[in-house]
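To start, the structure itself, in structure tokens.
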Amino acid sequence: MRMLAVTRPVPRSLRDCELTHLQRVPVDVALARAQHAEYERALTSLGCEIVHVPAADELPDSVFVEDIAIVLDEIAVITRPGARSRRPETVDVAATLGAFRQLQFLSEPATLDGGDVLRLGRVLYVGLGTRTNAAGAQQLADFISPCGYEVREVPVDACLHLKSAVTEVAPGVVVINPEWVNGQMFPDHAIIEVDPSEPAAANVLRIGGTVVSPAAHPLTNARLSSAARVRTVDVSELAKAEGAVTCCCLLVTV
Ligand code: CIR
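Residues in the sequence shown are numbered consecutively from 1245, following our numbering.
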């Protein structure tokens, strides 16, 4: 079995990205590109083969491919992103994923960002907030329930996406920011809480027994090391665009 990591280059227009919870501050695009390359090297060192979606310099958030598709073993669902500016991103991501999966497409009135979809086993938790609506969750459920997946809705209001607040660390273990999501939504899971001084630290990318996690969160990373190996990456420039580690790739097993 091969693990592909689908990524998309940092666009020249990254400075014009969507922002919801952060103030706009200067972004060093050259440094963002160097950090993205280091992120790709981390994924490669963990056994992934990188597959690039063609660059889209005119789409400021196009590096954040996670929001554009939900990839399962059986199918991939191309989303209808909640931010209108991001909808053109779907064209090239669909063209790339179409080589590996049968595709389904969400349609109006659905909106859904992949960052709002947390898969834990056969359950897909879907965060309902500014980017993802109930029609998005319902259409996703309609596509994936025949494959044996269940959708559970989770309210999200204090952060951008559900996966800003909770991600998987290891089978049966999640890391959460309890200020942003209610841990009781995950009764079958052991919970590691972020260090309170690192509110954005609940977004980690699990690849086998390792989690890729921002170097900016040392206190939470120390907590995570009880459950997984921790591979740190510096993603400071992408964080200024409200991006983190899950959002820069789509993992596809082939
Ligand atoms: C946006 O607001 O859509 C981008 N600036 C950041 C998207 C980050 N996506 C993610 O965490 N899944």
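Heads up, the beta-carbon is just placed ideally off N, CA and C, and yes, glycines get one too.
Sort the options by Cα distance to residue i and report the nearest one.
i	options	result
Gly-1326	Gly-1359, Val-1456 and Ala-1343	Gly-1359
Lys-1484	Arg-1252, Val-1250, Cys-1261 and Ala-1249	Cys-1261
Pro-1298	Val-1417, Pro-1253, Gln-1346 and Pro-1440	Pro-1253
Phe-1344	Asp-1478, Thr-1454, Val-1250 and His-1405	Val-1250
Glu-1442	Asn-1421, Phe-1430, Asp-1432 and Val-1456	Asn-1421
Pro-1255	Val-1271, Gln-1267, Met-1247 and Met-1245	Val-1271
Val-1419	Val-1438, Leu-1404 and Arg-1375	Val-1438
His-1296	Leu-1258, Val-1307, Glu-1302 and Leu-1303	Val-1307
Gln-1348	Asn-1465, Leu-1482, Leu-1356 and Thr-1323	Thr-1323
Quick check on residue i: buried or exposed, where buried means 16 or more other Cβ atoms within 10 Å of its Cβ?
i	result
Gln-1279	buried
Gln-1346	exposed
Leu-1463	exposed
Asp-1311	buried
Ala-1339	exposed
Less than 6 Å between C-beta atoms, sequence neighbours within five positions excluded: which residues of the same chain meet that for residue i?
i	result
Lys-1407	Gly-1359, Leu-1362, Asn-1447 and Thr-1490
Ala-1385	Val-1395
Ala-1402	Trp-1424
Arg-1330	Asp-1305
Tyr-1393	Arg-1366 and Leu-1368
Asp-1336	Val-1297 and Pro-1298
Gly-1342	none
Quick check on DSSP: helix, strand or coil for residue i?
i	result
Leu-1266	coil
Gly-1452	coil
Cys-1492	helix
His-1280	helix
Thr-1411	strand
Thr-1334	helix
Enumerate in chain order the residues of its own chain whose CB-to-CB distance from residue i is below 7 Å, with the five nearest sequence positions on each side excluded.
i	result
Glu-1318	Cys-1391
Asp-1301	Pro-1255, Arg-1256 and Ser-1257
Just how far apart, CA to CA, sit residue i and residue j?
i	j	result
His-1265	Val-1400	13 Å
Leu-1316	Arg-1366	10 Å
Ser-1469	Pro-1415	14 Å
Thr-1411	Ala-1281	23 Å
Gln-1267	Phe-1430	32 Å
Thr-1355	Gly-1373	10 Å
Gly-1427	Ile-1436	10 Å
Less than 8 Å between C-beta atoms, sequence neighbours within five positions excluded: which residues of the same chain meet that for residue i?
i	result
Gly-1499	A query on residue 1499 cannot be resolved here, the shown segment of the chain reaching from 1245 to 1498 and no further.
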